[in-house]
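As structure tokens, the structure follows; a few thoughts come after it.
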Amino acid sequence: MAYVNFDSKEIHTKFLCFGPTGSGKTETFRSFLRQTSEDVQEGMLELGESSDEFSFKFLPISVGYIKDFHLKLHLFIPSQSTRMYETVEKVMFSGVDGVLFTFDSRLKSMDRNLVAYEEASERIAQAKLSLDSLSTVFQYNHKDEKTALAVKDMDRHLNHQQFASYQTCAKLDDGTPGVLDEISKMVIKKIIHTS
Ligand SMILES: Nc1nc2c(ncn2[C@@H]2O[C@H](COP(=O)(O)OP(=O)(O)OP(=O)(O)O)[C@@H](O)[C@H]2O)c(=O)[nH]1
Ligand SMILES: [Mg+2]
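Per the working numbering, the very first residue in the sequence shown carries number 250; after that it's consecutive.
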């Protein structure tokens, strides 16, 4: 559940981003950053140098206001290797409100998408969470590429639970505003539902 700070009038929400190598997770974060106005940009924090190491990326962004409360989204890309560190994994998953899956629409990546989905699902289950109870968004990136599959084909392949899905080209900021809007809408809906 999102954390509401009544003193500073801020709502903090945490999302984790999963997807195979090269699907465009980092580029999506850059695209989100390009969409937020400069005065509220805090930049992307990168710890570690590659996805093979103990590393993660963290992007805090402002996604607008609900009445006079500032909604802040904390986005993380946890690396595979944090799984080896139980404590880090626990911290990474604690207080999570939602999950963004960044898949690669290119035909050649379908197997890797499935593996990434299964691996992330396993980590989520180990953290005693479930995709149904979290706010879950599917993003099909690389839509500009020649062999990119249509949304309905990607959905058929990966999205059996019918989560909200969006086609994007993160490099050109195409479709990523829709993903960010969906995340904000889901968070606001949950806050209204539980308050
Ligand atoms: N044509 C095209 N290129 C993209 C798109 N999104 C990302 N890229 C490029 O694809 C490459 C991989 O994207 P990244 O964002 O680094 O992928 P990643 O998911 O962060 O990969 P890892 O950090 O290795 O897990 C980069 O060169 C991006 O600039 C897209 O929608 N279309
Ligand atoms: Mg990356």
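In this text, a Cβ means the ideal position worked out from N, Cα and C, and glycines have one as well.
Exposure label - residue i; buried when at least 16 CB within 10 Å
i	result
Asn254	exposed
Ala419	buried
Val364	exposed
Lys339	exposed
Ser414	buried
Ser384	buried
Ala397	buried
Glu276	buried
Tyr334	exposed
Glu367	exposed
Those residues which DSSP pairs with residue i across a bridge
i	result
Val386	Leu349 and Ala413
Asp423	Cys418
Phe318	Ile315
Glu276	None, per the DSSP bridge assignment.
Arg355	Ala397
His323	Lys263 and Pro309
Asn254	Glu259
Proximal residues to residue i (C-beta, below 6 angstroms), its chain only, five neighbours per side dropped
i	result
Gln416	Tyr389, Lys392, Val400 and Gly424
Glu394	Arg355
Gly344	Lys263
Phe318	Lys258 and Ile260
Ala376	Phe342
Residue i beta carbon near ligand 1 (any heavy atom closer than 7 angstroms)
i	result
Asp422	no
Lys274	yes
Ala225	Outside the displayed range of the chain (250 to 444) lies residue 225, so it cannot be described from this structure.
Glu394	yes
Gly427	no
Thr270	yes
Thr385	no
Thr262	no
Thr351	yes
Rounded Cβ spacing between residue i and residue j (contact assumed at less than 8 angstroms)
i	j	result
Ser272	Asp404	About 16 angstroms separates the two Cβ atoms, so there is no contact after all.
Ile260	Leu320	5 angstroms
Phe281	Leu429	6 angstroms
Pro269	Ser358	6 angstroms
Thr351	Lys258	About 31 angstroms separates the two Cβ atoms, so there is no contact after all.
Neighbourhood of residue i by C-beta, 8 angstroms cutoff - its chain only, sequence neighbours within 5 removed
i	result
Ser433	Val312, Gly313, Leu320 and Leu322
Ile315	Ile260, Ile437 and Ile440
Asp346	Met250, Ala251, Thr262, Lys263, Phe264, Leu383, Ser384, Val436 and Lys439
Asn408	Phe387 and Ser414
Gln284	Asp422, Thr425, Pro426 and Leu429
Gly380	One point to set straight first is that residue 380 is Leu, not Gly, in the sequence displayed. Result list for Leu380: Val348, Ser370, Ile373, Gln410 and Phe412, in chain order.
heavy atom of ligand 3 below 7 angstroms from residue i C-beta
i	result
His391	Ligand 3 is not part of this structure, which contains only ligand 1 and ligand 2.
Own chain, CB closer than 7 angstroms to residue i, minus 5 neighbours either side, in chain order
i	result
Asn362	Pro269, Phe352, Asp353 and Leu407
Phe267	Val348, Phe350, Ala365 and Ala369
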